[in-house]
Every structure is written in structure tokens, then in C-alpha cells.
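Shown next, in C-alpha cells, is the structure this report addresses.
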Amino acid sequence: VFLYNKLIEMFGRCGDAAQARKVFNGIAAKNTFSWDLMLFAYTRNGQIRDAQCLFSAMPSPNVVSWTMMLCALAEAGEFHASMGLFQSMPLHNLVSVTAMLVLLAREGRIEQAKKAFDNMPERSLVTWNAMVAAFARNGHFSDAKEMLKQMPQRNVVSWNSILNSLVERGGVEEATCVFNDMPEWDVVSWTAMLAANAQTGNLSKVKQLFDEMPVHNLYTWTALLAACAQSCSLEDAKRVFENMPERNLASWNALLSAFATSGQDIELVKQVFDEMPMANVISWTVMIVSYGLRGHVEESKLAFDSMPEWNLVSWTKLLSAFAENGRFEECLGISYDMPGQDVSSWTALVSAYAQNGQIQNARSIFEKMPQRN
RNA sequence: CCGAACUAACAGA
């Protein structure tokens, strides 16, 4: 059984849940590890339905099984379901509570996360890191720093959270200082520095860091590619894309984005889009922007209407496309149709009017905004 | 110590 279990785990890690299932089915005397590892194979590969099915068939689910389901549900966007599952769990432990803390933080519910943290009878390094990240990701930089100071031990993950928080705030100098003072680095820390320097448009610094860093992976290559796109260096972007040892949708999107901002003919951008093996919300949003930048608002709208799904960014980009092309009347309608409008999209609308010299309209929207920053 | 939890890349004003 031990060896079969190992096999299930291996297939699960390789992304082959079907193979794992075959091994699982072949075990006559399954033990609790067999079940958990099979569940792992499903959750790991995003097969939430299969996971749920297996979970309900489990003879004796334990904390580990519950925790995996908790994370799987959250991953599938079912936050409330995972919340409910957490409450109905017969038993909690350090790991399951930490997992819940992370989910709360991802939802932006920091107070609840902090409360859970404070109530925990024991905390591991991972727990502390989760709390640091919770603050860091939600813009509570000083709280994150305070946590970092208080925690009994720190590791590279703790430092990376702080570093990324600085990068998000646009503090290249501060980020550089933290990076230099960190006791250890990994590929995540280096990637953060790529992003930091890309923000300031310092492409040569990005390239230099890229060459200095000890390890490259898909993330680092894509960060480099994105930096080229942000600096409008299409030639660099193309070269990077060709030199990448492997590509995924994110890398394709970064390339598409490089074409989008390059001012190249729209047909070339479309060509890249059509060549892509897949397209997601991001790819479509880049197309909306591409059309908008070239004054083809109608095409932006068409792209928007043919997307398989939408999010706030795609809505906001559509709004901006109309605004930047002087189509203010439509902006109001878009804003009205937009579900769950946030600060960024409100601001886009305000600035649409402001740029058009319609100060009083801008002002009245500003006053009606539910949140401001 | 056969299993679960923490940080990074691609579109936003």
C-alpha cells in the first residue's frame, strides 16, 4: 500500500489525476493515506467536482482531507462554500486554521484574519508568514513590518512579502535597500526586483538583474518580457519570447501586450492573438486596449462582447477606451452596467469627464463615488 | 517523519 500511495502522489504531482485514480482503484486495502493522496491528486489539478465526489465517498475524512477541500473550494472561487466547510469541520489544527487565515486575507478580510491569528493557541513560521502577507498584500505596510519585527523567526518568504509590498507601492529605492539587507534570496526575491525596476522603465537594469540572478524560470522570463512591453521595446520582447525555454498563457499575454503598446498595425496584434494557443480574460482585455489605443472603439466593444467572461479590469478598460476616444456618453452607460464597480473604475469615469473639460460632471460623479482614495 | 497551510510573472484609473 505504501508504494501504491507513493505512486498516487507522484501522478498527482505530475498532473495526471486519471493515472492516479487507476492506481487508487487497484488498491484492495486502501488506507487513509490512499484516500488523502487521491484527494490531493484531484485538488492539485483543479478537478473540484471529482474531489468533492471522492471526499463525500471517504470512509473517514480527517483534518488533512478537510483542509485540502477547504483550499480546493477557495481555489475554485467558492469562498463562501469554503467558509462553511471550515465551520463544519469536526476538528481544526494549526494547518487548517492557517489555511483559513490565508483565504480570509485573499478576500481582503484582514480584521478577521488578524482575529483568527490572535486566537490561535500556537503559530508556526508559515502562520506568521501568512499574517505578514495578509497585511502586505492589502496595503497595510506598516502592520506587515511590525509583524516581521515581532515574529520569532523569519525566512526568505517573510522577506519576500515585505519586498513585494514595497514594489507594489512603487518604492524602488526602498525595495532595493530591503533586497540588499535580506539575509537570503531566492528566485522570488529576484523576480520582485525585476518588477521594481520595470516600473521605473529602467529596462537595462532589469536586463542586468536578469543576467545576475542564479536561476530562471517561467516567472522570471515572463517578468523580463513584461518589462520589455512596459518599455515599448517590441524588438526586445520578441527576442526574449523566442529565447524562453518554455511558454505558457501568461508569456503569450505578455508578448501580446508588447505588440499592443508598440504602435504596430492592429493587424499584427490580431495576428499574435490568433496564433495564441489559448486566450483568457487578460488576452481579451489586451485586445480591447489595442483597439482603443488605435481609435477603434467599436472594435473594442466587439471584443468585449465576444469575451467568454469579464472582470472589473476588462470593464474598466472598455470604459477607458471610450473615454480616451471622446465617447463620454457611452461611458456613463458602461459604468452603470458594470457590476461591483471599484475605486479604479470610478476614477476612470471621473477622469474621462475631467479630461473632456466637463468639470461639473466630474465633480458630481466624484461626490457620488462610494469609495475614494 | 508516506498526505494538507505561507511569498513571485501576463491586462486596470
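Okay, so the first sequence: first residue is 1 according to our numbering, each after it adds one.
Ideal placement from N, C-alpha and C gives every residue a C-beta, glycine not left out.
Since A321 and V289 are thought to touch, with beta carbons under 8 angstroms apart, how far apart are those beta carbons, to the nearest angstrom?
-> 7 angstroms
Per DSSP, what kind of secondary structure is T200 in: helix, strand or coil?
-> coil
Please specify which runs of the beta strand (DSSP E), each continuous and at least 3 residues long, are wholly inside the stretch 8-57, giving them in chain order.
-> none
Since I374 and Y353 are thought to touch, with beta carbons under 8 angstroms apart, how far apart are those beta carbons, to the nearest angstrom?
-> Examination of residue 374 is not possible in this model, given that the chain is present from 1 through 373 alone.
Is the distance from the Cβ of V313 to the Cβ of T347 below 8 angstroms?
-> no
Starting from Q87, follow the alpha helix (DSSP H) in both directions and report where the run begins and ends.
-> 79-88
Given that a residue counts as buried once 16 or more other Cβ atoms are within 10 Å of its Cβ, and exposed if not, what is A198?
-> buried
Would you mind stating whether S257 and C232 have Cβ atoms separated by less than 8 angstroms?
-> no
Would you mind listing the alpha helix (DSSP H) stretches within the stretch 66-141 that are 4+ residues and don't spill past its ends, in chain order?
-> 79-88, 94-106, 110-119, 125-137
Which residue from Q153, R123, A105 puts its Cα closest to that of H140?
-> A105
Would you kindly report the start and end of the unbroken alpha helix (DSSP H) that includes N243?
-> 234-243
How about L349 and L319: do their beta carbons lie closer than 8 angstroms?
-> yes
Does the pairing of the stretch 74-91 with the stretch 110-119 give three or more beta-carbon distances under 8 angstroms?
-> no
Beta-carbon separation (whole angstroms), A144 vs S165, contact threshold 8 angstroms | 6 angstroms
Confirm, please, whether the CB-CB distance from T222 to A250 is below 8 angstroms.
-> yes
So, is Q230 buried or exposed, given that buried needs 16 or more other C-beta atoms within 10 angstroms?
-> buried
At what residue ranges does the stretch 260-304 contain a whole run of the alpha helix (DSSP H), taking only runs of 4 or more?
-> 266-275, 281-293
Spatial neighbours of V188 in its chain, beta-carbon cut-off 6 angstroms, leaving aside the 5 residues before and after = N160
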